[in-house]
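Those letters in the sequence shown? Residues 2 to 422, per the working numbering, in order. Just so it is clear, CB atoms sit at the ideal spot from N, CA and C, and this is done for glycine as well. Just so we're clear, the structure is a prediction, and the values are computed from it rather than from any experiment.
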Amino acid sequence: MAKFEILHRCSTTRARVSRLTMAHGETVLPTFMPVATQAAIKGLTAQQVEQLGVTLLLNNTYHLNLRPGVDILNKAGGAHRFQGWDGNMLTDSGGFQFVSLSKFAQITEEGALFASPFTGEPTMLTPEESISIQHAIGADIIMQLDDVVPSLTPDRARVQEASERSVRWLDRCIAFHEASGRQSTQNLFAIVQGGLDFELRARCLEQMVERKDKVAGFAVGGLSGGEEKDVFWRVVKQCAEGLPEDKPRYCMGVGFAEDLLVCVALGIDMADCVFPTRTARFGVALTRDGPVNLRLAKHATDLSPIDRECPCPTCSIGTSRALLHHTATRETTAAHAVTMHNIVFQAQVMGGARDAIAQGTFPQYLKDFFARYFVGTGYPEWCVNALRSVGVDLLDGLDPHHIKIVQGSGAKWEYSDKKRK
Ligand SMILES: [Zn+2]
């Protein structure tokens, strides 16, 4: 099983720095995992990803199972060799996409029944089948099949059924994984469910933590589905507090800088999201001053790079905002350039957090980051509340006449890429 060592703890918040050692090397946590949907991060080679300092990335089981498929992966000796990636890899269970991309899907105790993308025939994804596919892929971290319901589901009985079934499916995943003899190279993570209901979360947490010796880590699932941020952070906090100290904690589907930093302060070690790489392809660069929409006309004559202090290959050779404005969404080179920048931005946010935790300055790092990122637009109230709950007051020492607090996400999106998906 993976070796997990805690190296530093923040004395104020619940943040920690740790080292996760697996078959393809070490990954220092907390970290953000970029998503390589089709066996590749869109627009980048495996070598480029490695050069950006990424040591752990996420692959989608659903997509790898469709193309190239298990037979080719088995012949190649797994997805690492197939895609030329020597670092650590995590695969999801496939369940979320099998269900969400299928024309019809029905969850039974046996598994998830959905329409085959090839023939339209009913096909069953069981917990055992999910683990079997992830064995063929050969990822260093594999996820249990869970019963996911959208976070805004109003039906409490359905949320309860899903969280209880996720525990039973975890047992089936553990049994299948143990029988395979692959525990030394592949590490199974459990996924805590329970929706936005603190009582159901508590029950699911208790039952899954009872199985802690059989899993290598835990994920917090069922969030990032459009729920109120004030509920989101309370569920993350409850889960992070309830999970064991000596296992990594992974919050699924989180990628905005402010969300990442709040999660780290609450005790989360890992997160993933398609957002930074997807938004890059729509011409949006992430910066310490907030997201920059390069498609806006104001960048047409701006010869400065996205961020002068950014060490990414795009900024360090001085690629101008004007060029990126000219090519964004038109030329693939713009997608490469902004994708590399955004991956490095995420790595800098998390790397800065790790350094600050190690040096005992994490509370100040949070204050400085939020002050710069939300200058002018105002602090999201949920971030202020979440960080106060772990002893950091973002507003402490600021002139009360100049503090602006905003409801909702607070992100100063100067665009909407949803329309263009
Ligand atoms: Zn850059």
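- The beta carbon of E211 lies closer than 7 angstroms to none in the same chain, with the five residues before and after it left out.
- The criterion of a C-beta distance shorter than 9 angstroms is satisfied by E259 and P381.
- Near ligand 1, meaning a Cβ closer than 6 angstroms to any of its heavy atoms, lie the following residues in chain order: I307, D308, C311, C313, T315, C316, H342, V345.
- Put simply, the stretch 357–368 does not touch the stretch 240–247. Fewer than three CB pairs are less than 8 angstroms apart.
- The shortest CA-to-CA distance from Q208 to any of L171, A329, A158, T109 is the one to L171.
- In the structure shown, I307 adopts coil according to DSSP, grouped into three states.
- Just so you know, the alpha carbons of I143 and W383 end up roughly 32 angstroms apart.
- The criterion of a C-beta distance shorter than 9 angstroms is satisfied by G88 and H25.
- Looking at the DSSP output, Y251 sits in a beta bridge with A220, M271.
- For the set A323, A113, D93, the Cα lying nearest the Cα of D141 is the one of D93.
- The continuous beta strand (DSSP E) containing E6 extends over residues 4–10.
- In the DSSP assignment, Q107 falls within the beta strand (DSSP E) that extends over 106–108.
- A residue is called buried once 16 or more other Cβ atoms fall within 10 Å of its Cβ, and R331, having fewer, is exposed.
- Within the stretch 69–103, the runs of alpha helix (DSSP H) at least 4 residues long that lie entirely inside it are, in chain order, 71–77, 80–84, 96–101.
- Between the stretch 316–331 and the stretch 250–265, the count of Cβ pairs shorter than 8 angstroms is below three; the stretches do not touch.
- According to the DSSP assignment, N66 belongs to the alpha helix (DSSP H) that extends over 62–67.
- With fewer than 16 neighbouring CB atoms inside 10 Å of its own CB, H403 falls in the exposed class.
- At the C-beta level, R15 and L8 stay beyond 9 angstroms of one another.
- As the crow flies, the alpha-carbon of C240 is around 21 angstroms from that of L91.
- For G196 and A298, the gap between their C-alpha atoms comes out near 42 angstroms.
- E27 is bridged by DSSP to T22.
- Secondary structure of F199 (DSSP, three-state): helix.
- Taken through DSSP and simplified to helix, strand or coil, F346 comes out as helix.
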